[in-house]
Every structure is written in C-alpha cells, then in structure tokens.
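Per our numbering, the sequence shown starts with residue 222, numbered consecutively.
We put the CB at the ideal spot given by N, CA and C, even for glycine.
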Amino acid sequence: MSRREAYKQVRLILGLDFGTTFSDPAICFATSNTTDLGEIYTFTAWPGSCEQAGEHHVKTPSRIAYARENTGNSENDALTSDVTGYEVEAGYRSYSWFKLLLDGTALSSEYDDPELKLGRSEGLMCLPADKSAKDVTTDYLRGLYQTCQERLNRTFGNGRLASQLRYPVDVWLTVPATWSDKAKLLTQRAAKDAGFASHPGDRMFIIAEPEAAALAALKATISKVDDLVQVGDHVLICDCGGGTVDITTYNVLSTKPTLELEELLVGIGAKCGSTTIDRNIYKLMVERFGDAFTSLDGRCTGLGSYFMSTLENFKKGFSLARAKKRPSRIPLKMRNVPAEAIASNHYDADLDAVLLSADDMKNLFDPVIDNICGLLGDQITKAQEDVKEDVEGKRMKVILVGGFASSPYLCERLEAFLEDRNATLATPMKDAWSAIARGAVIRGLEGEIVKQRKCRRHYGVSFSHPYECSHHNGFNTSLRRTYMSLFTGKEYLTGFLTWKVDKGSVVTEQTEIQHRFTSSWTGDDHNSYRLDLYSCGADSPPETIECTDAEKVGSITYDLEDLDTSQLQCKIEPDGTRRYQAHLTMVIRMGDAAGLLTFKVFCQGSEVGSAHLDISSD
222 MSRREAYKQV
232 RLILGLDFGT
242 TFSDPAICFA
252 TSNTTDLGEI
262 YTFTAWPGSC
272 EQAGEHHVKT
282 PSRIAYAREN
292 TGNSENDALT
302 SDVTGYEVEA
312 GYRSYSWFKL
322 LLDGTALSSE
332 YDDPELKLGR
342 SEGLMCLPAD
352 KSAKDVTTDY
362 LRGLYQTCQE
372 RLNRTFGNGR
382 LASQLRYPVD
392 VWLTVPATWS
402 DKAKLLTQRA
412 AKDAGFASHP
422 GDRMFIIAEP
432 EAAALAALKA
442 TISKVDDLVQ
452 VGDHVLICDC
462 GGGTVDITTY
472 NVLSTKPTLE
482 LEELLVGIGA
492 KCGSTTIDRN
502 IYKLMVERFG
512 DAFTSLDGRC
522 TGLGSYFMST
532 LENFKKGFSL
542 ARAKKRPSRI
552 PLKMRNVPAE
562 AIASNHYDAD
572 LDAVLLSADD
582 MKNLFDPVID
592 NICGLLGDQI
602 TKAQEDVKED
612 VEGKRMKVIL
622 VGGFASSPYL
632 CERLEAFLED
642 RNATLATPMK
652 DAWSAIARGA
662 VIRGLEGEIV
672 KQRKCRRHYG
682 VSFSHPYECS
692 HHNGFNTSLR
702 RTYMSLFTGK
712 EYLTGFLTWK
722 VDKGSVVTEQ
732 TEIQHRFTSS
742 WTGDDHNSYR
752 LDLYSCGADS
762 PPETIECTDA
772 EKVGSITYDL
782 EDLDTSQLQC
792 KIEPDGTRRY
802 QAHLTMVIRM
812 GDAAGLLTFK
822 VFCQGSEVGS
832 AHLDISSD
C-alpha cells in the first residue's frame with residue numbers, strides 16, 4: 222500500500238463546540254470504530270491565552286473585535302487586523318454572546334432569562350450595523366479555523382507533500398438541542414463559510430450538545446466506574462452552558478461492547494445559562510454605585526477586564542456551605558462612590574475594592590439556579606408520569622456537564638433539590654468543560670449511539686384549501702391570501718397547516734415525513750417552487766399559520782427538472798397555452814446522519830427533482 226493510499230484509510234475527526242461564552246475544538250484520528258478517550262485531544266494553546274488564567278486554556282472566549290472599529294487614539298492602540306478570543310482585550314469595541322442571536326426569532330420558553338435582551342445595552346448581544354448574527358459567527362469561527370489550521374500545520378507540516386497527503390476531515394458541529402432548524406442551518410453555514418469542512422472529501426455533521434456531552438460523560442464513567450451506569454438505568458444529562466441549559470433523559474440500552482442509548486422523554490431547555498450571573502453583576506453594580514460604575518472605561522469593567530476576570534474566579538469557587546465570613550474584595554478604582562455604598566459595606570474606599578458578601582453571591586446565582594431546578598423538576602416529573610413502570614424503584618442519575626457544572630454552589634443547590642425527587646447528582650471525574658467537544662468526536666468515531674430520539678416539536682407544512690367566504694372570512698391578510706387555481710379555476714385560501722409528525726414521536730435514522738400535494742404551472746415554467754415548512758413546540762399544534770405557536774422553519778425550494786410532462790394531466794386553453802398539474806410527494810427525512818432535515822420530491826414513485834431548505838427570506 223502506498224503512503225497516499227494509507228492516508229486515505231484515515232480520517233481526522235474534529236468536534237467543534239461553539240459556545241455562547243467560550244468555544245473549543247477536539248481532534249482525533251479515526252482508524253477504526255472504537256474509542257480510546259486518551260487519544261482525543263483538545264487545543265490548549267490559544268493566541269493571547271498566556272496572559273489569562275491557565276484553567277481557561279482548554280477553551281477560547283467567543284469574542285471578536287473588528288479592526289475597522291478599533292482605530293485607537295494612537296498607533297499602539299489601533300488594531301491592524303480583526304482579533305478573536307483571548308486577543309480581544311478589555312476596552313476594545315467587541316462582540317460577545319452573539320451565538321444567542323442565531324436563534325433570536327424563536328419563541329421564548331418558560332424558563333428563559335426574562336432580562337436576556339437587556340444585555341444588549343451593556344455591549345453584549347450586539348451586532349455591527351452591517352452584519353447579521355450569521356456574519357459575525359462566520360468571522361469569529363474563521364479565527365478559530367485559522368488557529369486550528371496553524372496547530373495542525375505545526376504537527377504535520379504545511380509543505381507540498383503535506384498538502385498532497387492531507388487527511389480528510391469530518392467536522393462534528395455541536396448546537397443546543399432546543400435550537401430551531403433555522404438556527405442549526407445558520408450555524409452550519411457559518412462554520413462552512415469560515416473554512417471548516419471546505420476541502421474535497423471533508424464532511425460536516427450536526428450533533429446536539431447534550432447528546433455529545435452524554436457520550437463523553439457516560440463513556441468516561443463506564444470505563445472507570447462500572448457500576449455507575451448500567452443497562453436499564455435512566456440518566457438525565459443537564460448541560461449547563463454560558464447561554465443555554467439543555468436537558469435530555471436517556472435509557473441505557475447497552476454499555477458493552479459499545480454504549481447504546483435511547484431518549485426516554487422529549488428534551489427541554491432554555492436560554493438561562495451562567496451569562497445571566499454576569500448580567501446580574503452589572504445590574505447590581507449600577508444599582509449600588511450608579512454613575513461611579515457606569516462612567517468607567519470598558520477596559521476597567523468590560524469582559525476580559527481584571528474586574529470581570531477576578532469576579533469569574535470568585536464565581537467558580539463560590540460555595541454557600543463553605544462561605545467566607547468576610548466579603549470578597551474585587552479591585553476596582555471608582556470616583557465619587559455614593560456614601561451610602563461605603564456605609565453599607567459595599568465598597569472599601571481605602572483598598573479601592575468592591576465588596577460582595579456571601580448573600581450577594583447567593584442572590585446573583587439563585588435566579589439562574591432556580592430556572593435550572595425548574596427545568597429539572599419538569600423533566601423528572603414527566604418521567605415519573607409517562608414511564609412510571611420503568612422508573613419506579615429506581616433513582617434517576619443526573620449528570621452535570623458544561624462550564625457551569627463545576628460551580629460548587631450549583632452542585633449544592635441541585636443535590637438538595639434532587640434529594641426529595643428520587644434522583645442523585647453526578648459530575649464527570651474531569652474535563653466537564655470540554656465534554657461536549659470530546660463527545661462530538663466520540664460520535665464521529667463510534668457512529669450512531671443514540672438509537673432513537675423523541676421529536677422535540679411538531680413538524681408540518683402549509684397548504685391551501687378551497688375558499689369559502691362563510692367559513693374563512695376575516696383571515697389575516699398580512700399572512701394569508703386567496704388565489705385562483707390555474708388548472709381548476711377554483712379559488713383557494715393559503716395558510717392552513719397539516720402536521721406530519723407529532724411532538725414526542727420516536728425518531729430514528731429512517732424516520733420520514735411524506736406530504737402529498739398538487740402543483741400546477743403554465744407552459745414549461747416548472748423549474749422552481751416553494752413549500753413552507755413549520756414547526757410547533759406547544760403540546761397542541763394550531764390549524765393555521767395565524768397562531769404564534771406556529772414557527773416557520775423555512776421554505777422547501779424544489780425543482781422538477783427531471784419530470785416527464787408527457788405523463789401529466791394537461792389542459793390546453795383556447796389560445797394554445799398548456800396548463801399542467803402534477804401530484805407530487807415531498808419526502809422529508811427527520812433523522813438524517815448529518816443532523817439536519819433532508820428533502821426529496823417524487824412523482825408517480827420516481828424522484829423528479831432536488832430540494833433544499835431556504836431560510837434566506839425568513
């Protein structure tokens with residue numbers, strides 16, 4: 222076997238965890254379908270990271286600053302190129318938490334942070350005037366991609382031979398499980414436009430963050446603590462990230478020779494991650510110090526500043542069970558501090574430091590943890606109600622992963638919360654923060670581990686119905702319209718919904734939606750058509766698009782280039798115009814291996830054209 226042929230037998234598996242606050246890739250070379258967790262490597266050398274705390278080096282901040290917006294007051298202050306991650310210094314005009322804007326049009330959930338959008342006034346969740354959330358995500362991921370390439374080039378060389386013998390890459394991109402299909406597609410496009418999976422032979426796949434976390438966490442426990450996870454156990458994965466919290470409950474089907482899972486319930490989640498604590502801190506500072514705080518330069522109080530970095534360390538170590546009697550001191554020099562703040566022991570004027578008591582820290586954390594407890598309580602109650610015969614007598618195992626999972630106070634609160642709910646709390650022995658990226662690699666190495674899922678939403682399509690004035694009068698004309706059929710001459714009303722798969726339905730790789738419909742056209746103009754796809758997270762889906770519970774996923778754009786019109790119904794008008802009508806079937810695959818919906822169009826049993834999901838106009 223030649224060296225080039227040998228290279229073709231190997232694939233590079235890259236798990237990419239693009240997070241709200243931090244991001245990281247993990248890599249492994251695949252030569253078989255078995256996994257040695259020790260052979261999965263995470264990046265630890267990020268540009269600019271030497272100036273930050275070492276524990277952060279497994280990830281890089283999801284932050285970007287554009288050179289055009291940071292010209293500076295002097296040559297030394299000006300940026301000569303766009304920078305990302307640790308290279309974005311406090312005081313730069315920068316953009317953070319933009320990941321949440323990718324799913325900005327999705328309906329809110331019960332446990333979403335109610336003040337999420339207020340963060341935009343603090344310079345967070347903002348966008349440049351001429352860029353979308355997808356554009357900024359692409360720019361940020363491009364910096365991440367360049368760093369990955371530089372690291373791989375140092376490892377394998379970047380000369381002519383290295384380029385000829387380049388390994389094909391499978392990129393496994395993680396997304397929140399609660400995200401809309403539109404947000405997933407936007408994230409995938411951003412990653413591809415940034416350079417990931419851009420070479421011949423490369424492929425890109427999507428995997429839900431809690432699923433990736435489950436693979437890393439459970440694989441680690443199986444290999445080290447055999448009795449922690451056994452066949453028949455019910456395991457709830459709680460992924461507590463910076464922007465989102467995702468919860469998915471699995472039934473363990475097998476642990477050896479390979480791990481196999483099935484989703485037990487419809488997963489839930491919300492935008493209530495640990496970034497809420499940062500917003501609570503800003504809010505508290507403004508309440509206590511007013512202009513003395515808000516007048517400070519971003520270099521003093523912005524993300525990446527010494528003030529925020531010190532607070533981050535206090536956040537990571539805060540424990541109410543081992544709370545300090547003295548307040549924590551965070552250095553921050555302020556002028557004209559209100560006398561009341563000093564008298565109330567909120568500021569030490571001698572040491573120029575903000576003072577935070579254990580009660581202060583508790584109040585910063587509790588709104589976030591209350592939402593997490595609400596999500597956990599809902600999922601556990603659902604398990605006890607829906608699958609009582611399976612869970613009775615068993616203690617559900619709750620495994621925490623994600624950056625917030627290392628919080629001692631979060632663990633203290635959850636342990637107390639779960640005690641009365643027949644559940645126990647566990648965290649991975651190590652690397653909880655990088656569990657998602659490593660789990661994505663495991664998925665690429667071992668193949669499909671979750672054998673069946675529960676559909677998180679209803680899915681359906683819009684259709685037209687013969688218009689009856691007595692029944693349909695008063696419809697919303699901004700959303701729906703009437704039209705005359707070219708073929709039958711009848712009047713139709715748009716905007717009705719037919720639901721093809723129900724929320725909670727079992728979804729496997731073979732699950733498909735079939736929608737039969739009729740399409741009409743004049744002459745040879747049958748190249749491009751649209752069919753609107755909708756989803757609904759409510760338990761009972763609506764009948765028309767006028768209900769706000771109906772969320773438009775996008776338009777399925779399809780062509781009929783391979784359609785033989787000689788086999789169709791044809792109506793010839795007096796002027797010789799030919800009008801055609803075709804009875805079509807749109808097949809939508811729900812469980813595609815790539816993690817996205819896929820589409821095909823059939824007529825009389827034969828595939829007659831291509832189709833894709835268009836979100837550009839939505």
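What three-state label does DSSP hand residue i in the structure shown?
{"i": "Q409", "result": "helix"}
{"i": "G236", "result": "strand"}
{"i": "S578", "result": "coil"}
{"i": "A544", "result": "coil"}
{"i": "K194", "result": "Here the chain has residues from 222 to 839 only, and residue 194 is not among them."}
{"i": "Q731", "result": "coil"}
{"i": "H277", "result": "Low local confidence applies: a pLDDT of 49 at H277 is under 50, so the model's placement there is unreliable, with the coordinate-based value given in what follows. Helix, per DSSP."}
{"i": "E669", "result": "coil"}
{"i": "C791", "result": "strand"}
{"i": "S342", "result": "Confidence in S342 is poor, its pLDDT being 48 and thus under 50, which makes the residue's placement unreliable; the coordinate value appears in the next sentence. Of the three classes helix, strand and coil, the one that applies to S342 here is helix, per DSSP."}
{"i": "L382", "result": "Low per-residue confidence applies at L382: pLDDT is 43, beneath 50, and the placement is therefore not dependable, though the value from the model is reported in the following sentence. DSSP places L382 in helix when its eight states are reduced to three."}
{"i": "T798", "result": "coil"}
{"i": "V507", "result": "helix"}
{"i": "R424", "result": "strand"}
{"i": "P687", "result": "strand"}
{"i": "S270", "result": "helix"}
{"i": "S827", "result": "strand"}
{"i": "V589", "result": "helix"}
{"i": "Y713", "result": "strand"}
{"i": "E226", "result": "Only weak support exists for where E226 lies, its pLDDT of 48 falling under 50; the coordinates are left without a value."}
{"i": "R674", "result": "strand"}
{"i": "L394", "result": "strand"}
{"i": "R765", "result": "In the sequence on display, residue 765 carries Thr and not Arg. Residue state, collapsed to three classes: strand."}
{"i": "V550", "result": "The question names Val, but residue 550 is Arg in the sequence shown. It is a strand residue."}
{"i": "A415", "result": "helix"}
{"i": "Y316", "result": "strand"}
{"i": "T743", "result": "strand"}
{"i": "T531", "result": "helix"}
Residues bridged to residue i by DSSP?
{"i": "M807", "result": "H736, V822"}
{"i": "Y779", "result": "Y750, A832"}
{"i": "I248", "result": "L235, Y262"}
{"i": "G681", "result": "W720, Y755"}
{"i": "F243", "result": "P282"}
{"i": "Y287", "result": "Its beta-bridge partners do not exist; DSSP assigns none."}
{"i": "D569", "result": "A574"}
{"i": "E772", "result": "S756"}
{"i": "I356", "result": "Per the sequence shown, the amino acid found at residue 356 is Asp instead of Ile. In the DSSP output, where bridge partners are listed per residue, D356 has none listed."}
{"i": "S706", "result": "Bridge partners of S706: none, in fact."}
{"i": "T305", "result": "I285"}
Could you tell me whether the Cβ atoms of residue i and residue j are closer together than 8 Å?
{"i": "G826", "j": "D783", "result": "no"}
{"i": "P397", "j": "T465", "result": "yes"}
{"i": "L237", "j": "Y388", "result": "no"}
{"i": "F243", "j": "V231", "result": "no"}
{"i": "A647", "j": "V671", "result": "no"}
{"i": "I590", "j": "R634", "result": "yes"}
{"i": "I468", "j": "G494", "result": "no"}
{"i": "V279", "j": "S761", "result": "no"}
{"i": "Y688", "j": "L666", "result": "no"}
{"i": "L541", "j": "A579", "result": "yes"}
{"i": "V682", "j": "K721", "result": "yes"}
{"i": "F625", "j": "G462", "result": "yes"}
{"i": "A354", "j": "G325", "result": "yes"}
{"i": "L321", "j": "K492", "result": "yes"}
{"i": "R659", "j": "T263", "result": "yes"}
{"i": "L485", "j": "Y471", "result": "yes"}
{"i": "G864", "j": "L752", "result": "Residue 864 lies beyond the residue range present for the chain, which begins at 222 and ends at 839; the question has no answer from this structure."}
{"i": "F684", "j": "F708", "result": "no"}
Give me the Cβ distance between residue i and residue j, rounded to the nearest whole Å; I'm assuming they're in contact under 8 Å.
{"i": "R674", "j": "V622", "result": "Actually they do not touch by this definition, with Cβ atoms about 18 Å apart."}
{"i": "R556", "j": "A574", "result": "About 14 Å; that fails the 8 Å criterion."}
{"i": "F514", "j": "M582", "result": "18 Å between Cβ atoms; not a contact."}
{"i": "V662", "j": "I261", "result": "5 Å"}
{"i": "F820", "j": "M811", "result": "Wrong, their Cβ atoms sit about 11 Å apart, outside the cutoff."}
Mind checking if residue i is an interface residue toward chain C, Cβ cutoff 8 Å exclusive?
{"i": "A604", "result": "This model lacks chain C altogether, as it is built from one protein chain only."}
Which parts of the stretch 427-501 are runs of the alpha helix (DSSP H), unbroken and 4 residues or longer, counting only runs that do not cross its ends?
Runs found: 430-445.
Completely contained alpha helix (DSSP H) runs for the stretch 610-661, where each covers 4 or more residues:
For the alpha helix (DSSP H) assignment, the uninterrupted runs of no fewer than 4 residues enclosed by the stretch 610-661 are, from N- to C-terminal side, 629-640.
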